[in-house]
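Novice: In full-length UniProt numbering, the protein residues as written are 1 to 118.
Glycine is no exception: its CB is placed at the ideal position from the N, C-alpha and C atoms.
Below you'll find the structure I mean.
Rendered as structure tokens:
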């Protein structure tokens, strides 16, 4: 539930979850060049729920760690999905996972990919 900003494109988002590194299908979607000496395919990838005020598309996207920076000003994230996945928490200036996201995280911890949905 950490609020972030994309370093290059400037959109705000909130982190839904993390993949430790790119899987084969993800690798094709990422630029292969290194960022800060670490190839993007070896960096953690974050599932981010994008703020609808900053883009014409809605939903989540997958972003390399090097492309994100913390952004306290991003709160609250505007998305029709925010309430589905999160509970806003002013004390941490971010979000706590709601029931749907908690279930997805439990599944991921048991070895399954992070799947947000039914």
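#1: Compare the beta carbon distance of residue 80 and residue 65 with 8 Å and say whether it is the shorter of the two.
#2: Going by C-alpha to C-alpha distance, which of 115, 102, 76 sits closest to residue 92?
#3: With DSSP run on the structure shown, which of helix, strand or coil describes residue 101?
#4: For residue 3, which residues of its own chain have a beta-carbon under 6 Å away from its beta-carbon, when the five flanking residues on both sides are left out?
#5: Start and end of the beta strand (DSSP E) containing residue 17?
#6: Assuming residue 7 and residue 51 make a contact with CB atoms under 8 Å, what is their CB distance in whole Å?
Specialist: If we stick to the structure as given:
#1: no
#2: 76
#3: helix
#4: 14, 71, 74, 75, 94
#5: 12–19
#6: The Cβ separation is near 15 Å, so there is no contact.
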